[in-house]
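Asks: The sequence shown maps to residues 0 to 227 in numbering that gives the first Met the number 0.
Backbone N, C-alpha and C fix where the C-beta goes; we use that ideal spot for every residue, glycine too.
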Amino acid sequence: MDNRINANSFTPSSEFYESEFEKILTGITACYKMMLMDNIKLPNNENKIRDILRKDYLNNREIKDILGFTGKYHFDREVPEDNDIGRVDIRIITENILTEPKAYYTIECKRLDNKKLTRKSCLNAKYVTEGIKRFIDIKYSTYYSINGMIGFVVEQMDIYANIKNINKWLNDNFLDENPVPCLKHLNFIEDFEYQYYSIHKDIKNKEIKLYHLMFDFSANIIEEKASS
0 MDNRINANSF
10 TPSSEFYESE
20 FEKILTGITA
30 CYKMMLMDNI
40 KLPNNENKIR
50 DILRKDYLNN
60 REIKDILGFT
70 GKYHFDREVP
80 EDNDIGRVDI
90 RIITENILTE
100 PKAYYTIECK
110 RLDNKKLTRK
120 SCLNAKYVTE
130 GIKRFIDIKY
140 STYYSINGMI
150 GFVVEQMDIY
160 ANIKNINKWL
170 NDNFLDENPV
180 PCLKHLNFIE
190 DFEYQYYSIH
200 KDIKNKEIKL
210 YHLMFDFSAN
220 IIEEKASS
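#1: Taking the C-alpha atoms as reference points, what is the distance between phenylalanine 9 and arginine 60?
#2: Across the region 192-199 and the region 34-41, are there enough close Cβ pairs to call them in contact, namely three or more that are closer than 8 Å?
#3: Identify which residue in Ile145, Lys109, Lys203 and Asp190 has its Cα closest to the Cα of isoleucine 165.
#4: Below 8 Å on the Cβ atoms is my guess for threonine 275 versus leucine 212; work out the distance and round it to an integer in Å.
#5: Using the three-state DSSP reduction, which class does valine 153 fall into: helix, strand or coil?
#6: Out of curiosity, what's the CA-to-CA distance linking tryptophan 168 and glutamate 19?
#7: To the nearest whole angstrom, what separates the beta carbons of isoleucine 188 and leucine 24, a pair I think is in contact under 8 Å?
#8: Helix, strand or coil for threonine 105? Go by DSSP, reduced to three states.
#9: Identify, in the order they occur along the chain, each residue of the same chain with its Cβ nearer than 8 Å to the Cβ of leucine 185, setting aside the five sequence neighbours on each side.
#10: What's the gap between the Cα of glutamate 14 and the Cα of lysine 208?
#11: Note down, in chain order, each residue of its chain lying with its Cβ closer than 6 Å to the Cβ of aspartate 83, except the 5 sequence neighbours on either side.
#12: Let me check understanding here. Comparing Cα to Cα, which of Ile96, Ile162, Lys101 and Glu21 lies closest to leucine 122?
#13: Secondary structure at serine 18, three-state DSSP: helix, strand or coil?
#14: Evaluate glycine 150 with the Cβ neighbour count: other Cβ atoms within 10 Å of its Cβ, from every protein chain shown; 16 or more gives buried, anything less gives exposed.
#15: Can you check which of these residues, Arg76, Ile51, Arg86 and Thr141, is closest to cysteine 30 by C-alpha distance?
#16: Are the beta-carbon atoms of isoleucine 48 and phenylalanine 191 separated by less than 8 Å?
#17: Examine the ligand ADP and report whether any of its heavy atoms sits within less than 7 Å of the Cβ of leucine 182.
#18: My understanding is that isoleucine 135 touches isoleucine 202, with C-beta atoms under 8 Å, so please give their C-beta distance in whole angstroms.
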C-alpha cells in the first residue's frame, strides 16, 4: 500500500522533499542503531539524549561521510523559531537555506515511558499536546509541509500497543477533524520496525505530514531522576 499523501495536495517539488526527508530519517535511524551497538549509557533526560544523538553521531564528520550527509545537512540543537512561540529540538539545515532562511526540516523529540499511559499527565499525552499539536498550531515551522518526531522510549514497553494509546490521545484531542488523524505504519527504513506517519491540517488549514520514529533506549537508560 502506498502511504504517501495524494500528489494532488502537493506542490510539484513536494515528492522530492518527502524523499529527501525520508533519506535523512533513515540516516538518523542508522545513528540510533550505532548508539545501541556502542552500548552507550543515557540519562533519563530528553535534552541530553537528543544532544548525544545530535552532537556525537549526526554531526560527527566520519559518520556524516558514511551517511552521505557531509556538505548537505547540519543538525542544530534546540533553537527558537522566528515567531518566538516555540523552540524546536533539532533543526535540519539544508543547502536551500542559503536562498530561503525558512527552508529547513524540524524534528521534535519526546520521552515515552510506561507510566499512567492514559492519564492527562502521562508522556503519551505530552507527545500529542506538546509535540504534534505544536506543528498544528504553527509554533514550529513547516516550510516543506513535512517534519518529524522522535519518541525516546526510556522504559520497557510494548511499543505497538503504545502507538494505539497515542492514537487514542489523538482521537480525544482532534475529534473535529475528518478523518481523525492517527499514526500509521511505514516501511521505508530497512530493518527498523517503529516508523509511522500522520496527516494533519494546521490552523491555517494547510495539510502537513509528520513522520514518527520510536527509538527504544530502555536498555541504555541509567538511573537518574526523570526530566523533560
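Replies: Well, looking at it:
#1: Locating residue 9 in the sequence shown gives position 10, counting from the first residue. Locating residue 60 in the sequence shown gives position 61, counting from the first residue. With a pLDDT of 42 at phenylalanine 9, under the threshold of 50, the modelled position of this residue cannot be trusted; read the value that follows with caution. Between the alpha carbons of phenylalanine 9 and arginine 60 lies a gap of roughly 34 Å.
#2: Counting Cβ pairs under 8 Å, fewer than three are found: no touch.
#3: For this step, residue 165 is matched to residue 166 along the sequence shown. When the alpha-carbon of isoleucine 165 is set against those of Ile145, Lys109, Lys203 and Asp190, the nearest one is in Lys109.
#4: Outside the shown range of the chain (0 to 227) lies residue 275, about which nothing can therefore be said.
#5: Here residue 153 corresponds to residue number 154 of the sequence shown, with the count starting at 1. In this structure, valine 153 counts as coil in the three-state DSSP scheme.
#6: Start at 1 with the first residue of the sequence shown, and residue 168 comes out as number 169. Start at 1 with the first residue of the sequence shown, and residue 19 comes out as number 20. Between the C-alpha atoms of tryptophan 168 and glutamate 19 there is a straight-line separation of about 30 Å.
#7: Counted from its first residue, the sequence shown places residue 188 at position 189. Counted from its first residue, the sequence shown places residue 24 at position 25. Contact holds; Cβ gap of about 7 Å.
#8: Here residue 105 refers to the residue found at position 106 of the sequence shown. DSSP places threonine 105 in strand when its eight states are reduced to three.
#9: On the sequence shown, residue 185 is found 186 positions in, with the first residue counted as 1. Within its own chain, the residues whose Cβ lies closer than 8 Å to the Cβ of leucine 185, once the five positions on either side in sequence are excluded, are Asn2, Gln194, Tyr195, Tyr196 and Tyr210, listed in chain order.
#10: Here residue 14 refers to the residue found at position 15 of the sequence shown. Here residue 208 refers to the residue found at position 209 of the sequence shown. For glutamate 14 and lysine 208, the gap between their C-alpha atoms comes out near 12 Å.
#11: Here residue 83 refers to the residue found at position 84 when the sequence shown is read from its first residue. Model confidence at aspartate 83 stands at a pLDDT of 44, short of 50, so the residue's coordinates are unreliable; what they give is reported in the following sentence. Nothing listed; no residue qualifies.
#12: For the purposes of this step, residue 122 is taken as the residue at position 123 of the sequence shown. Measuring from the Cα of leucine 122, the nearest candidate turns out to be Ile162.
#13: Locating residue 18 in the sequence shown gives position 19, where the first residue counts as 1. For serine 18, the three-state secondary structure derived from DSSP is helix.
#14: Looking up residue 150 in the sequence shown gives position 151. Burial check for glycine 150: the Cβ neighbour count within 10 Å reaches 16 or more, so the residue is buried.
#15: In the sequence shown, the residue the question calls residue 30 occupies position 31. Among Arg76, Ile51, Arg86 and Thr141, the Cα nearest to that of cysteine 30 belongs to Ile51.
#16: By 1-based counting over the sequence shown, the position of residue 48 is 49. By 1-based counting over the sequence shown, the position of residue 191 is 192. Result no, Cβ atoms of isoleucine 48 and phenylalanine 191 do not sit closer than 8 Å.
#17: In the structure shown, the ligand ADP is absent, as is every other ligand, since no ligand is present at all.
#18: Here residue 135 refers to the residue found at position 136 when the sequence shown is read from its first residue. Here residue 202 refers to the residue found at position 203 when the sequence shown is read from its first residue. Contact annotation, isoleucine 135 with isoleucine 202: C-beta distance approximately 7 Å; criterion of less than 8 Å satisfied.
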